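Trainee:
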Amino acid sequence: MFNRKNNQYKQFLKDYPQYNETKNLDKLRKKEYKRIDQKKHVYLDYTGGNLYAESQINKHLEILKQETFGNPHSTNPTSQLATKLCEESRSAILDFFNAKDEYFCVFTPNASGSLKIIGESYPFCKESFLLLSLDNHNSVSGIREFAKNKGSKFCYTPIQTEDLKLDEKELLKHLDSHSESKNKLFAFPAQSNVSGIKHPLEYIKLAQEKGWDVLLDAAAFAPSNRLDLKEIKPDFVSISFYKIFGYPTGLGCLLIKKDKFNKLIKPWYAGGTVTLASSTIDAHYLQPNHERFEEGTINYLDIPAIKIGLEHIKNIKIENISKRVKTLTHWMLENLSQLKHKNGKKLIHIFGSHDVNERGGTLVMNFYNQNGEIIPFQQVEKEANNRNISIRTGCFCNPGIDETNYAIPSSELEKYFSNHKIGNYTEMVNFTGKLRGSIRISVGLVSNYEDVATFKNFAETFLDK
Ligand SMILES: Cc1ncc(COP(=O)(O)O)c(C=O)c1O
Numbered sequence: 002m003f004n005r006k007n008n009q010y011k012q013f014l015k016d017y018p019q020y021n022e023t024k025n026l027d028k029l030r031k032k033e034y035k036r037i038d039q040k041k042h043v044y045l046d047y048t049g050g051n052l053y054a055e056s057q058i059n060k061h062l063e064i065l066k067q068e069t070f071g072n073p074h075s076t077n078p079t080s081q082l083a084t085k086l087c088e089e090s091r092s093a094i095l096d097f098f099n100a101k102d103e104y105f106c107v108f109t110p111n112a113s114g115s116l117k118i119i120g121e122s123y124p125f126c127k128e129s130f131l132l133l134s135l136d137n138h139n140s141v142s143g144i145r146e147f148a149k150n151k152g153s154k155f156c157y158t159p160i161q162t163e164d165l166k167l168d169e170k171e172l173l174k175h176l177d178s179h180s181e182s183k184n185k186l187f188a189f190p191a192q193s194n195v196s197g198i199k200h201p202l203e204y205i206k207l208a209q210e211k212g213w214d215v216l217l218d219a220a221a222f223a224p225s226n227r228l229d230l231k232e233i234k235p236d237f238v239s240i241s242f243y244k245i246f247g248y249p250t251g252l253g254c255l256l257i258k259k260d261k262f263n264k265l266i267k268p269w270y271a272g273g274t275v276t277l278a279s280s281t282i283d284a285h286y287l288q289p290n291h292e293r294f295e296e297g298t299i300n301y302l303d304i305p306a307i308k309i310g311l312e313h314i315k316n317i318k319i320e321n322i323s324k325r326v327k328t329l330t331h332w333m334l335e336n337l338s339q340l341k342h343k344n345g346k347k348l349i350h351i352f353g354s355h356d357v358n359e360r361g362g363t364l365v366m367n368f369y370n371q372n373g374e375i376i377p378f379q380q381v382e383k384e385a386n387n388r389n390i391s392i393r394t395g396c397f398c399n400p401g402i403d404e405t406n407y408a409i410p411s412s413e414l415e416k417y418f419s420n421h422k423i424g425n426y427t428e429m430v431n432f433t434g435k436l437r438g439s440i441r442i443s444v445g446l447v448s449n450y451e452d453v454a455t456f457k458n459f460a461e462t463f464l465d466k
């Protein structure tokens, strides 16, 4: 439908000439990701998870077939080989983020696992303070439970309704307050997992200069942007690898700035995290490096696949991915927003800034009927599923964005939460009488014009209804 002779496609190339500069990604898709088109998938959930190339699987499988691996950190040959390949991946990660020398890289199960380490180990106490961006994944927000349990105070710094960017004035106010606090942690996402908004990375240095430690959640940013830790130096960074190159799942990392390493107080010890421990007396010595936070046996069979994945991205060049994502996002913002019913009412509202320099390739939106009423996202999702289009709907583990978009007052939330022992989406909607949730589409690594144009065609089926 969108072959190279197609007029729509030709016009697209004329309007977005930068797309042609990323042609290699089309070749790559044909060669390495042909399963997408063979099974006629329109994949628009790159923020949920990226897709892997065939060669990543083949290379990993080849290593597993050819070698014999034992549990690492022993002197026997199979163990030594496992250790060697895991350390090669660790080194590749530090290289990829330009973090050599200054950061430790801790293997974790995913970004949430990385964030949990910070929750457990940051020295929260009665005199400490946790500042959270209202735009945060639940896995960052949940750190407040660790803070509260240790008597720490916390609060959220708001986002602006009109563009979903952090309200800078309010942020500065918060950063300038709490001068009496001892350990101050500011946690925000480099890119929103819902709105795609890129929050300024300059906030890191600014906060640090005001005495804050900074936790940067880079899970949604790293897949299509260069994260250079020589340029920006957050104290802690959370990453999930399947979001960057699709395979393997179950692995992430926490990057810890070396000068903040000893600030983290590990609440227990486990196998692999100590240099020495006694059972007869109450004493142990923790490992002086990343191993302190890697509990038990690491995922030594999958970790070598991280190096393969990073090499894959390096070959493509992250800048090419950024360029393609930016081009397609630009096209979507322009073309989806202008869809109108015959009576002139808009079909789609995309939340957040429409400036492609302030955002990545994740778009959160609602569909409206010709009377201006929201079409339930469940209906849109069902119809997308029927067309093999993978989108995502709901609140995306980020209630701050949803509560902002629907302007839900705290008083209503408090009423609901204090009246219910167990909560769920439908019950809350019924209780508050307000619809919640939206539709999210996201582009990435091998997205192409066909994907987004197919989504537009799909959206048009809701016109005049
Ligand atoms: C910005 C952000 N932070 C954290 C997470 C949690 O990642 P994971 O589910 O891999 O632990 C996600 C997942 O979508 C995310 O997008």
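For the sequence shown, the positions run 2 to 466 when the working numbering is used.
All C-beta atoms, glycine included, are put in the ideal place defined by N, C-alpha and C.
All values reported here derive from a predicted model rather than from experimental measurement.
(1) Would you grab the beta carbon distance between LEU52 and GLY247 for me? Rounded to a whole angstrom, and I think it's under 8 Å.
(2) Where are the alpha helix (DSSP H) runs, 4 residues long or more, that stay fully inside the stretch 404-451, in chain order?
(3) Is ALA112 near ligand 2, judged by its Cβ being under 6 Å from some heavy atom?
(4) Give a yes or no on whether the C-beta atoms belonging to HIS179 and PHE189 are separated by under 7 Å.
(5) What do you get for LEU464, buried or exposed, if any count of 16 or more other CB atoms within 10 angstroms of its CB means buried?
(6) Take ASP303 and list the residues in its own chain whose beta-carbon comes closer than 7 Å to its own, dropping the five residues that flank it on each side.
(7) So, helix, strand or coil for ILE275, using DSSP?
(8) Kindly indicate the opening and closing residues of the beta strand (DSSP E) around VAL107.
(9) Within the same chain, show all residues whose beta-carbon is closer than 7 Å to that of SER241, passing over the 5 residues directly before and after it, in chain order.
(10) Pick out the complete alpha helix (DSSP H) segments inside the stretch 150-174, 4 residues or longer, and give them in chain order.
(11) Could you tell me if the beta carbon of ASP218 falls within a distance shorter than 6 Å of some heavy atom in ligand 1?
(12) Output yes or no for whether 7 Å exceeds the beta carbon distance between LEU186 and TYR123.
(13) Ignore the nearest five residues each way along the sequence and tell me which others in THR462's own chain have a CB closer than 6 Å to its CB.
(14) Taking 6 Å as the cut-off, is the CB of SER241 close to at least one heavy atom of ligand 1?
(15) In chain order, what residues of the same chain lie with their CB nearer than 7 Å to the CB of THR69, ignoring the 5 residues before and after it?
(16) State the Cα-Cα distance for the pair LYS422 and LYS416, rounded to the nearest angstrom.
(17) Considering just the uninterrupted stretch of the alpha helix (DSSP H) at LEU337, what are its terminal residues?
(18) Assuming contact is defined by CB atoms lying nearer than 7 Å, are GLY49 and GLN192 in contact in what I supplied?
(19) Shorter than 6 Å, the distance from the beta carbon of ILE140 to the closest heavy atom of ligand 1, or not?
(20) Quick check: does the Cβ of PRO400 come within less than 6 Å of any heavy atom belonging to ligand 1?
(21) When the Cα atoms are used, what is the spatial distance from LEU228 to TYR301?
(22) Quick one: which unbroken beta strand (DSSP E) runs of 3-plus residues sit fully inside the stretch 195-222? Chain order, please.
(23) Less than 6 Å between C-beta atoms, sequence neighbours within five positions excluded: which residues of the same chain meet that for PHE130?
(24) Taking only three categories from DSSP, how would you classify THR363?
(25) In the DSSP assignment, the beta strand (DSSP E) including HIS285 goes from what residue to what residue?
(26) How many Å lie between ALA385 and PHE459 at the Cα?
Mentor: This is what the structure gives:
(1) In the sequence shown, the residue the question calls residue 52 occupies position 51. In the sequence shown, the residue the question calls residue 247 occupies position 246. 5 Å between Cβ atoms; contact.
(2) 411-420 and 426-433
(3) As presented, the structure is devoid of ligand 2, carrying ligand 1 as its sole ligands.
(4) If you number the sequence shown from 1, residue 179 lands on position 178. If you number the sequence shown from 1, residue 189 lands on position 188. No, Cβ-Cβ distance for HIS179 and PHE189 is not below 7 Å.
(5) Working through the sequence shown from its first residue, we reach residue 464 at position 463. Label assigned to LEU464: exposed.
(6) In the sequence shown, the residue the question calls residue 303 occupies position 302. Hits under 7 Å: PRO249, GLY251 and LEU252.
(7) Here residue 275 is taken as the residue at index 274 of the sequence shown, counted from 1. Correcting the residue type first, residue 275 is Val in the shown sequence and not Ile. Residue state, collapsed to three classes: strand.
(8) On the sequence shown, residue 107 is found 106 positions in, with the first residue counted as 1. Residue range 104-109 is occupied by the beta strand (DSSP E) that includes VAL107.
(9) By one-based count along the sequence shown, residue 241 stands at place 240. Result list for SER241: ASN111, ALA112, ALA220 and GLY253, in chain order.
(10) none
(11) Position 217 of the sequence shown, counted from the start, is the residue given in the question as residue 218. Yes, the Cβ of ASP218 comes within 6 Å of a heavy atom of ligand 1.
(12) Position 185 of the sequence shown, counted from the first residue, corresponds to residue 186. Position 122 of the sequence shown, counted from the first residue, corresponds to residue 123. Taking 7 Å as the Cβ cut-off, LEU186 and TYR123 qualify as a contacting pair.
(13) Walking along the sequence shown from the start, residue 462 turns up at place 461. Nothing meets the Cβ criterion.
(14) The count along the sequence shown starts at 1 and reaches residue 241 at position 240. Within the cutoff, so yes.
(15) The count along the sequence shown starts at 1 and reaches residue 69 at position 68. THR79, listed in sequence order.
(16) Your numbering for residue 422 matches position 421 in the sequence shown. Your numbering for residue 416 matches position 415 in the sequence shown. C-alpha separation (whole angstroms): 12 Å.
(17) Within the sequence shown, residue 337 is the residue found at index 336, counting from 1. Per DSSP, LEU337 belongs to the alpha helix (DSSP H) from 319-338.
(18) Your numbering for residue 49 matches position 48 in the sequence shown. Your numbering for residue 192 matches position 191 in the sequence shown. No, Cβ-Cβ distance for GLY49 and GLN192 is not below 7 Å.
(19) Along the sequence shown, one-based indexing puts residue 140 at 139. A small correction: the amino acid at residue 140 is Ser; Ile does not occupy that position in the sequence shown. Yes, ligand 1 has a heavy atom inside 6 Å of this Cβ.
(20) The residue you call residue 400 lines up with position 399 of the sequence shown. No, since every heavy atom of ligand 1 falls outside the 6 Å radius drawn around the Cβ of PRO400.
(21) Locating residue 228 in the sequence shown gives position 227, counting from the first residue. Locating residue 301 in the sequence shown gives position 300, counting from the first residue. Distance between the alpha carbons of LEU228 and TYR301: 25 Å.
(22) 214-218
(23) Start at 1 with the first residue of the sequence shown, and residue 130 comes out as number 129. Excluding sequence neighbours, PHE130 sits near LYS154, HIS179, SER182 and LYS185.
(24) Counting from 1 along the sequence shown, the entry for residue 363 is found at position 362. Looking at THR363 - three-state DSSP - the assignment turns out to be strand.
(25) The count along the sequence shown starts at 1 and reaches residue 285 at position 284. Here the beta strand (DSSP E) through HIS285 covers 284-287.
(26) As a working note, residue 385 is residue 384 in the sequence shown. As a working note, residue 459 is residue 458 in the sequence shown. Each residue's Cα considered, the two are about 7 Å apart.
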